[in-house]
Every structure is written in C-alpha cells, then in structure tokens.
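The opening position of the sequence shown corresponds to residue 160 in the working numbering, with each subsequent residue numbered one higher. By construction, the Cβ of each residue, glycine as well, lies at the ideal position given by its N, Cα and C atoms.
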Amino acid sequence: MVARDAVIQLRRLARRFIRDRQGVGAIEFAILFPILVMLYVGAFEITVGLSISKRASRAAGMITDIVTQQKSVTKAWLTDMPAVATAAFVPYGSTGLVVKITGIAIDGTATPKVAWSWAQDGSRPYALNSATTIPTEMKKANTFLVRTELSVPYKLFLFAPYLVPNDSTITISRSYLYLPRASPTVTCGDC
C-alpha cells in the first residue's frame, strides 16, 4: 500500500510539474543566451575583418594609382607609400603592414618580366628581368604595368582558437596592377 501511495504522489507531482509554466522564459533565455552572444561577437568579428580587407584593397589600389601617375620614381619617393597605406587603415592599426611595388615590362612576345621592384624595407623583392606572373587578360605585348602587393596581419578577437589553431592572426593580402598614365613606362633609376 505504501508503494502504491508513493506512485500516486509521484504522478501528482509530475502532473503539477508539467503544468507549471513559471520560469520557462528564464530557462529558454539561459539556453539561448550563449548562442546569441556567439552570433553577436561573430558578426562583429566578420564585420571588422571585412572592413580591414576592404581597406587593404583600397590601400593597394591607392598606392598603385599614385605610382602610375609618375614618369619616374626613386627609392626615396617610394618610402612614402607605406604612409599612404597606413592612412587608408585609420582607425584600424596597420602594424605589420608589408608593401611591395614592382614595375613589369611586357615584351613583344607578351612575356612579363620585372623591370624594377621595391619593398618597404628597402630591398629588391624580385630580381631584375626575372619572369613574373600576371593575369592572362593583362598580357598585352609591349606594355608596362605597375603592381602593388600589400599584406597586413589581422588578429582575430574571439574565435581564434577554433578558426586559426596555434595563432590568432590571419594575413590579408591584396595585389593591384595598373597601366601607367603619365608615360608609357614608370622608371625607377635606383630600385
């Protein structure tokens, strides 16, 4: 009899528990809150990353545009180009920014070769007259191109251990090619 009374009590308690709706909203909130926070922070992370990516594209394009407006450049003149890129990244930091600018001569057989190259550390990143690659649609015989390569590290805020193991930094790189506008070529006497 005691066991039967205990079973009846348990059934009543279970029915009462099933009908009771107090605290359901709090439980639902407790379940959904971590997911909502992750979505919010993830959206923030993606937004900042896309903004950095867009600024990298803009900076590379700006540098290439400025160089192609010149008839000739020098190493000293090119040392100001990283400052142009840095200005494009405001208000974000540009620590670790790397800029390489290359003059590419395309000969009569549509073979692109390095005419000159410059990196912001003052070195020559590509050997003179070495073959280089450019998009097929830009291989026009007897033309000249200026290429800017820009890369900037981007440190992930929150999801770094899951997206990038061992390090929370990804490198965003952009490259732009423009034809010279002031003359058929852009020369660099000391590059």
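Cβ-Cβ distance between residue i and residue j below 8 Å
{"i": "Ala278", "j": "Ala244", "result": "no"}
{"i": "Ile331", "j": "Tyr313", "result": "yes"}
{"i": "Leu309", "j": "Glu204", "result": "no"}
{"i": "Lys272", "j": "Thr295", "result": "no"}
{"i": "Thr307", "j": "Ile260", "result": "yes"}
{"i": "Arg333", "j": "Ser216", "result": "yes"}
{"i": "Gly220", "j": "Tyr335", "result": "yes"}
{"i": "Arg214", "j": "Ala247", "result": "yes"}
Local conformation of residue i per DSSP, three classes
{"i": "Gly262", "result": "strand"}
{"i": "Phe188", "result": "helix"}
{"i": "Pro241", "result": "helix"}
{"i": "Val249", "result": "coil"}
{"i": "Pro409", "result": "An answer regarding residue 409 cannot be provided, because it is not within the stretch 160 to 350 covered by the chain."}
{"i": "Arg180", "result": "coil"}
{"i": "Lys234", "result": "helix"}
{"i": "Ala165", "result": "helix"}
{"i": "Ala274", "result": "strand"}
{"i": "Ser327", "result": "coil"}
{"i": "Leu338", "result": "coil"}
Classification of residue i by the beta-carbon crowding that lies within 10 angstroms, buried from 16 upward
{"i": "Ser253", "result": "buried"}
{"i": "Gly262", "result": "buried"}
{"i": "Ile190", "result": "exposed"}
{"i": "Arg258", "result": "The displayed chain sequence assigns Val, not Arg, to residue 258. Counting Cβ neighbours within 10 Å, Val258 comes out buried, since at least 16 surround it."}
{"i": "Val311", "result": "buried"}
{"i": "Tyr251", "result": "exposed"}
{"i": "Ala242", "result": "exposed"}
{"i": "Thr206", "result": "exposed"}
{"i": "Ile222", "result": "buried"}
{"i": "Arg170", "result": "exposed"}
{"i": "Leu172", "result": "exposed"}
{"i": "Ile265", "result": "buried"}
Beta-carbon proximity list for residue i, same chain, < 6 Å, skipping 5 on both sides
{"i": "Ala269", "result": "Lys298, Ala300"}
{"i": "Ala286", "result": "none"}
{"i": "Tyr337", "result": "Thr223, Thr227, Val305"}
Chain-order list of residues whose beta-carbon lies under 8 Å from that of residue i (same chain, five-residue window excluded)
{"i": "Val345", "result": "Val226, Thr227, Gln229, Lys230, Ser231, Val232, Gly262, Phe303, Val305, Pro339"}
{"i": "Asp179", "result": "none"}
{"i": "Val249", "result": "none"}
Sequence-distant residues of the same chain with beta carbon closer than 7 Å to residue i, five excluded per side
{"i": "Cys350", "result": "Lys234, Trp275, Ser276, Trp277, Arg283"}
{"i": "Gly208", "result": "Tyr313"}
{"i": "Ala341", "result": "Gln228, Gln229, Lys230"}
is_contact[residue i, chain D] using C-beta, thresh 8 Å
{"i": "Gln279", "result": "Protein chains in the displayed structure number just one, and chain D is not present."}
Item to check | Contained beta strand (DSSP E) runs [length at least 3] in the stretch 276-319, N- to C-terminal order | outcome: 302-314
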